[in-house]
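Accompanying notes for the structure given below.
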Amino acid sequence: MIQIPDLPERAHKILWAVVEIYVQTAEPVGSRAVAKRPEIGCSPATVRNIMADLEELGLLYQPYTSAGRVPTEAGFRYYIRFILQFRRLDSEDLETIEETLSKQPIEDITALLKGASRLLSQLSGHTAVVLSPRVGLENLRHVEFVRLKEGTVLVICVGEAGQVQNRLIELNGDVSQEGLDRFAHYLNEKLERLSLLEAREEILKEMEEEKRLFEGLYQGLVSLKAGEELIVEGSTRLLEHPEFKRLEKLRAVLKALEEKTVLIEILDKCFAAKGVQIFIGSESSLGDLKDIGLIVSPYRKSDHPVGSLGILGPMRMDYARVVPLVEHTAKVLSRLLDKVAL
305 MIQIPDLPER AHKILWAVVE IYVQTAEPVG SRAVAKRPEI GCSPATVRNI MADLEELGLL
365 YQPYTSAGRV PTEAGFRYYI RFILQFRRLD SEDLETIEET LSKQPIEDIT ALLKGASRLL
425 SQLSGHTAVV LSPRVGLENL RHVEFVRLKE GTVLVICVGE AGQVQNRLIE LNGDVSQEGL
485 DRFAHYLNEK LERLSLLEAR EEILKEMEEE KRLFEGLYQG LVSLKAGEEL IVEGSTRLLE
545 HPEFKRLEKL RAVLKALEEK TVLIEILDKC FAAKGVQIFI GSESSLGDLK DIGLIVSPYR
605 KSDHPVGSLG ILGPMRMDYA RVVPLVEHTA KVLSRLLDKV AL
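According to the numbering used here, the sequence shown is numbered sequentially starting from 305.
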């Protein structure tokens with residue numbers, strides 16, 4: 305956990321200026337460039353001393369001798385938490401989002417999501433990621449089991465928003481359809497007041513004899529999450545940013561996008577979030593990728609979260625613009641999803 309210090313007003317303003325200039329230029333920021341800002345109101349020498357203080361606090365660093373300073377992960381975190389002011393999207397952006405998504409065939413959910421990811425990538429200049437709708441373990445409300453043959457069961461899950469998801473599971477052993485119906489009825493009574501995880505704990509205490517059967521069915525339910533689809537758009541945009549000019553760093557990001565597992569886990573964490581979540585550097589959990597920024601928002605159907613979408617780019621992103629883009633796209637997508645059955 306990065307500790308974020310309190311800063312006096314002048315240091316606060318200088319850190320703001322360094323981050324703003326660095327976001328625009330991707331180059332180390334010198335004291336003269338900061339002093340030229342009318343909001344700063346002090347000499348380059350004073351700015352230089354305060355920047356040195358900010359470096360001692362771990363908010364800036366000097367990549368090489370005689371260079372300017374660059375914000376650290378802690379510096380960006382301070383900026384996001386205490387300084388950043390989001391810009392309102394202009395009418396052109398709002399119109400583009402509305403018109404582009406409204407023209408997608410809403411009965412084709414995949415096409416709609418791909419359209420949303422393509423739009424986000426184009427408007428932000430970064431890579432967009434969208435996690436397809438799922439029946440979450442947190443909002444599962446009804447389950448049915450259908451015996452297809454010995455040891456093979458079809459699971460039918462219904463979420464709070466009415467979305468339906470099916471999966472075949474294999475059991476170690478066999479069970480009759482009557483037994484599955486009895487168990488489904490028992491489980492559905494629990495799901496009226498508990499999450500699946502809570503129901504599992506209660507059932508395991510009550511059903512010692514049928515523990516093996518339930519564990520097999522439970523693992524089948526959990527595996528529904530593995531069926532989530534991650535849509536990635538604009539991977540080549542990474543090449544436009546100097547942070548990814550080094551081949552090994554670019555390879556690492558592309559590997560994360562290709563393997564998808566870690567990204568799905570991160571997007572899944574935001575599934576029930578109230579609004580936009582920002583992950584920077586080590587917070588992204590993307591291995592050694594310390595220069596990464598990830599902005600994620602859930603999207604909803606009937607006011608229930610069903611998926612997540614976001615932007616992946618360098619930690620040096622224009623958060624003031626990108627965060628409102630992600631937030632508004634999620635809102636429009638949610639409104640469109642209210643018109644269709646998942």
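The beta carbon of each residue, even a glycine, is placed where N, CA and C say it ideally should be.
#### Entry: Residue interval of the beta strand (DSSP E) (run including residue 432)
431–435
#### Entry: Boundaries of the alpha helix (DSSP H) in which residue 492 is found, first to last residue
481–495
### Message
For residue 331 and residue 605, I'd like the C-alpha separation in whole angstroms.
### Response
43 angstroms
### Message
Going by the DSSP bridge assignment, what does residue 361 pair with across the sheet?
### Response
Looking at the DSSP assignment, residue 361 forms no beta bridge with any residue, so it has no partner.
### Task
Could you tell me whether the Cβ atoms of residue 596 and residue 616 are closer together than 8 angstroms?
yes
### Query
Name the DSSP bridge partner or partners of residue 474?
456
#### Entry: Secondary structure of residue 411, DSSP reduced to three states
coil
### Query
Roughly how many angstroms separate the alpha carbons of residue 561 and residue 537, rounded to a whole number?
10 angstroms
#### Entry: Which of helix, strand or coil DSSP assigns to residue 446
strand
### Message
Give me, in chain order, the residues of the same chain whose beta-carbon lies closer than 7 angstroms to that of residue 415; leave out the 5 immediate sequence neighbours on both sides.
### Response
408, 409
### Message
Tell me which residues share the same chain as residue 347 and place their Cβ nearer than 8 angstroms to its Cβ, disregarding the 5 neighbours each side in the sequence.
### Response
339
### Query
Between residue 328 and residue 565, what straight-line distance do the alpha-carbon atoms span, to the nearest angstrom?
32 angstroms
### Query
Would you report the Cα separation of residue 397 and residue 420, rounded to the nearest angstrom?
13 angstroms
### Task
Decide yes or no for the touch test of the stretch 623–634 against the stretch 373–393: beta carbon pairs closer than 8 angstroms, at least 3 of them.
yes
### Query
Are residue 463 and residue 541 touching if we call contact CB-CB under 8 angstroms?
no
### Task
Check whether the Cβ atoms of residue 609 and residue 602 lie closer than 8 angstroms to each other.
yes
### Query
When you compare only the Cα positions, how much space is there between residue 383 and residue 359?
15 angstroms
### Message
Considering just the uninterrupted stretch of the alpha helix (DSSP H) at residue 580, what are its terminal residues?
### Response
Per DSSP, residue 580 belongs to no alpha helix (DSSP H) and is neither H nor E.
### Task
Compare the C-alpha of residue 314 against each of 357, 521, 491 and name the closest.
357
### Query
Buried or exposed: which applies to residue 336, given that a residue is buried once 16 or more other Cβ atoms fall within 10 Å of its Cβ?
exposed
### Query
Roughly how many whole angstroms lie between the Cα atoms of residue 318 and residue 644?
49 angstroms
### Query
For residue 342, does the count of other Cβ atoms within 10 angstroms reach 16, so buried, or fall short, so exposed?
exposed
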